[in-house]
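Asker: 476 is the number that numbering that gives the first Met the number 0 gives the last residue of the first sequence; the numbers go up by one with no jumps. Idealized CB from N, CA, C, for every residue including glycine. Structure in structure tokens, see below.
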Amino acid sequence: MSTPVRTRFAPSPTGALHCGTVRTALFAWLLARQGNGSFLLRIEDTDQKREIDGGTENILETLKWLGLEWDEGPGIDGPHAPYVQSQRLELYRKYAQQLVESGLAYADPYSTEELDTFRQKAQAEKRPFLYRNHRPENPSKYDGTQALRIKLEPKSYGWDDAVMGRIDMGAETIDDYIIMKADGFPTYNFCHIIDDHEMGITHVLRSQEFIASIPKFLATHEAFGWESPINAIVPPVLGAEGGTKLSKRKGAKPVLWYRDQGYLSEAIVNFIASLGWNDGTEQELFTIEELVEKFDLERVQKSGARFDEQRLLWMNGHYIRQLFQDDLYDKLQGYWSPEAEGYDDDYKRQVAGLVQERLKYFAELPELTRFFFEDLPIDSELINTHKQLKKLDSETLAKLLSTSREALADTDFSVEQLTDALNDLLVQTEQKPAVLYSLIRIAVTQAPNSPGLADTLAVLGKERSLERLDMQLTAWK
RNA sequence: GGCCCCUUCGUCUAGCGGUCCAGGACUCCGGGUUCUCAGUCCGGCAAUCGCGGGUUCGAAUCCCGCAGGGGUCACCA
Numbered sequence: 000m001s002t003p004v005r006t007r008f009a010p011s012p013t014g015a016l017h018c019g020t021v022r023t024a025l026f027a028w029l030l031a032r033q034g035n036g037s038f039l040l041r042i043e044d045t046d047q048k049r050e051i052d053g054g055t056e057n058i059l060e061t062l063k064w065l066g067l068e069w070d071e072g073p074g075i076d077g078p079h080a081p082y083v084q085s086q087r088l089e090l091y092r093k094y095a096q097q098l099v100e101s102g103l104a105y106a107d108p109y110s111t112e113e114l115d116t117f118r119q120k121a122q123a124e125k126r127p128f129l130y131r132n133h134r135p136e137n138p139s140k141y142d143g144t145q146a147l148r149i150k151l152e153p154k155s156y157g158w159d160d161a162v163m164g165r166i167d168m169g170a171e172t173i174d175d176y177i178i179m180k181a182d183g184f185p186t187y188n189f190c191h192i193i194d195d196h197e198m199g200i201t202h203v204l205r206s207q208e209f210i211a212s213i214p215k216f217l218a219t220h221e222a223f224g225w226e227s228p229i230n231a232i233v234p235p236v237l238g239a240e241g242g243t244k245l246s247k248r249k250g251a252k253p254v255l256w257y258r259d260q261g262y263l264s265e266a267i268v269n270f271i272a273s274l275g276w277n278d279g280t281e282q283e284l285f286t287i288e289e290l291v292e293k294f295d296l297e298r299v300q301k302s303g304a305r306f307d308e309q310r311l312l313w314m315n316g317h318y319i320r321q322l323f324q325d326d327l328y329d330k331l332q333g334y335w336s337p338e339a340e341g342y343d344d345d346y347k348r349q350v351a352g353l354v355q356e357r358l359k360y361f362a363e364l365p366e367l368t369r370f371f372f373e374d375l376p377i378d379s380e381l382i383n384t385h386k387q388l389k390k391l392d393s394e395t396l397a398k399l400l401s402t403s404r405e406a407l408a409d410t411d412f413s414v415e416q417l418t419d420a421l422n423d424l425l426v427q428t429e430q431k432p433a434v435l436y437s438l439i440r441i442a443v444t445q446a447p448n449s450p451g452l453a454d455t456l457a458v459l460g461k462e463r464s465l466e467r468l469d470m471q472l473t474a475w476k
């Protein structure tokens with residue numbers, strides 16, 4: 000029996016979560032859910048300056064919406080609470096002190112300006128800047144008000160990355176780095192190592208930008224005499240244009256934006272999982288259960304993947320079409336146009352049923368359903384630009400429409416009777432559907448497109464449909 | 001610049017020495033579904049596998065160079 004997997008997602012509350020960040024969380028979550036593992040959420044808020052209002056709430060809300068429930072973390076707690084770094088400062092200070100006492104950490108005597116000078120000089124001489132070349136001979140005693148550096152001896156580090164495979168890096172990537180800032184807060188580099196160790200994390204997934212820092216992390220483990228968890232570097236999610244990774248600065252949209260636009264969490268999860276991972280078969284669509292079952296770090300791609308909105312849209316449409324009608328109707332709450340609000344549920348349910356296979360995201364609902372809720376003004380352009388109808392004069396059109404009106408008025412407006420009546424009209428008028436149906440459809444909707452004619456008429460109802468046909472006829476008189 | 005990672009259709013990818021003159025999906029194009037849009041079904045366009053050398057009877061697959069892209073070198077994470 001191997002020890003249960005423990006993974007974590009450890010974001011900073013510095014902005015709304017976007018799809019790139021969340022993919023790392025998803026992979027970690029999937030890994031934990033495969034066995035009787037645990038998924039932890041930890042808030043890394045050690046940079047007070049960059050923290051934004053509502054940052055933590057956004058993280059919690061995003062994960063909950065996606066269904067990535069955590070077993071330990073804010074609101075759940077657990078054996079390693081608290082799960083917010085700013086509430087764990089004593090712990091980091093204790094470990095920092097331990098390093099000071101064993102001579103593995105020392106106070107940094109330099110000011111920011113002095114350090115900048117060192118860096119610039121190194122750059123001018125075209126050699127890498129290494130802090131250890133400036134290590135103070137007799138550092139003053141650390142009193143908690145200076146920056147504290149860990150002393151790391153230059154040596155090579157390598158590890159077997161669960162995604163990337165074997166990676167070795169030379170001693171030049173190792174240098175003394177700051178573990179405690181002058182403001183008394185620990186740095187990410189330091190405290191996440193402590194937390195991951197304390198919390199018993201077995202697999203640490205990090206995005207690609209951390210790859211060069213891993214030797215530092217390994218060395219830090221070594222300083223404490225700890226064993227490193229399994230490291231896994233996940234490739235970046237790139238913006239649609241490629242090149243650089245998805246980021247707030249490059250306009251990556253918050254995950255919750257997609258929710259608000261009417262994307263389904265199943266679609267987002269499926270789509271995000273498919274960026275940089277596949278199960279080796281030709282399957283494209285996965286339920287979350289299938290993802291849990293099939294996900295494998297070894298099949299995670301090493302190269303970056305672009306975020307293709309087009310493909311997301313396709314997937315979302317797919318998931319919308321899968322919805323049961325009641326479920327669809329519930330989810331559509333809040334997306335109806337203001338005009339629709341006065342209508343009863345039964346009517347709106349029927350409308351929803353007609354647009355289900357046309358919706359790519361819920362926010363499209365109003366523009367797809369306008370004419371079901373308001374009488375749109377006569378738009379003569381619809382007929383004047385129609386490839387068949389524009390050839391006919393209004394007298395002919397009026398005659399056709401009038402005939403149609405009478406025939407339709409004789410039905411009960413059920414889809415069955417309407418379909419029959421429409422068929423009969425084709426025979427009777429000797430017109431092609433492209434002419435007759437288009438004419439009726441435009442007259443009754445005043446929109447360039449709509450669901451099927453019989454369905455649309457049936458939902459609109461007899462009274463309203465005939466009224467609109469009359470309006471069009473009046474316009475031609 | 002040093003170090004590290006990456007490189008198959010426009011995009012996401014399959015491929016782990018022969019079954020690949022490279023398969024699937026999205027997009028796009030054409031056709032069917034008695035109107036439109038969407039959906040759906042059928043069909044099509046699209047990668048000489050970054051380039052150059054090897055190894056081998058045989059390479060997208062192994063090796064070596066090169067090029068391009070990305071990351072990183074913070075008292076940010």
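1. For residue 41, count neighbouring C-beta atoms within 10 Å of its own C-beta (all shown protein chains included) and say buried if the count is 16 or more, exposed if not.
2. Can you give the Cα-Cα distance for residue 387 and residue 27, rounded to whole angstroms?
3. Using the C-alpha atoms, what's the distance from residue 12 back to residue 53?
4. Determine the DSSP secondary structure at residue 237, reduced to helix, strand or coil.
5. Can you tell me whether residue 248 is buried or exposed, with buried defined as 16 or more other CB within 10 angstroms of its CB?
6. Three or more C-beta pairs under 8 Å: does that hold for the segment 147 to 158 against the segment 177 to 192?
7. With a floor of 4 residues, list each alpha helix (DSSP H) that falls wholly inside the segment 191 to 251, ordered by position along the chain.
8. Return the bridge partner residues of residue 168 from the DSSP annotation.
9. Could you tell me the distance, in whole angstroms, from the CA atom of residue 389 to the CA atom of residue 378?
10. Starting from residue 38, trace the beta strand (DSSP E) in both directions and tell me its first and last residue.
11. Are there 16 or more other CB atoms within 10 angstroms of the CB of residue 272, so buried, or fewer, so exposed?
12. Any idea if residue 75 is buried or exposed, counting beta-carbon neighbours within 10 angstroms, 16 or more meaning buried?
13. Can you tell me which of 363, 372, 115 and 438 puts its alpha carbon nearest to the alpha carbon of residue 392?
14. Between the Cα of residue 219 and the Cα atoms of 240, 141, 190 and 447, which residue gives the shortest distance?
15. Expressed to the nearest angstrom, what Euclidean distance is found between the alpha-carbon atoms of residue 420 and residue 410?
16. Out of curiosity, what's the CA-to-CA distance linking residue 264 and residue 280?
17. Let me know the alpha helix (DSSP H) ranges lying completely inside the segment 398 to 468, each 4 residues or longer, listed in chain order.
18. Is residue 328 near residue 351, with beta carbons less than 7 Å apart?
19. Check this for me: beta carbons of residue 467 and residue 452, under 7 Å apart or not?
20. List the residues that DSSP assigns as beta-bridge partners of residue 17.
21. Rounded to a whole number of angstroms, what is the C-alpha to C-alpha distance between residue 205 and residue 110?
22. Whole angstroms are fine: how far does the CA of residue 215 sit from the CA of residue 128?
23. Who are the Cβ neighbours of residue 4 in its own chain at under 8 Å, not counting the five residues just before and after it?
24. How big is the Cα-Cα spacing for residue 276 and residue 291?
Answerer: Quick answer:
1. buried
2. 57 Å
3. 8 Å
4. strand
5. exposed
6. yes
7. 213 to 223
8. 156
9. 13 Å
10. 37 to 40
11. buried
12. exposed
13. 438
14. 190
15. 7 Å
16. 23 Å
17. 414 to 428, 432 to 444 and 452 to 459
18. yes
19. no
20. 253
21. 31 Å
22. 16 Å
23. 30, 31, 33, 34, 36, 37, 201 and 202
24. 13 Å
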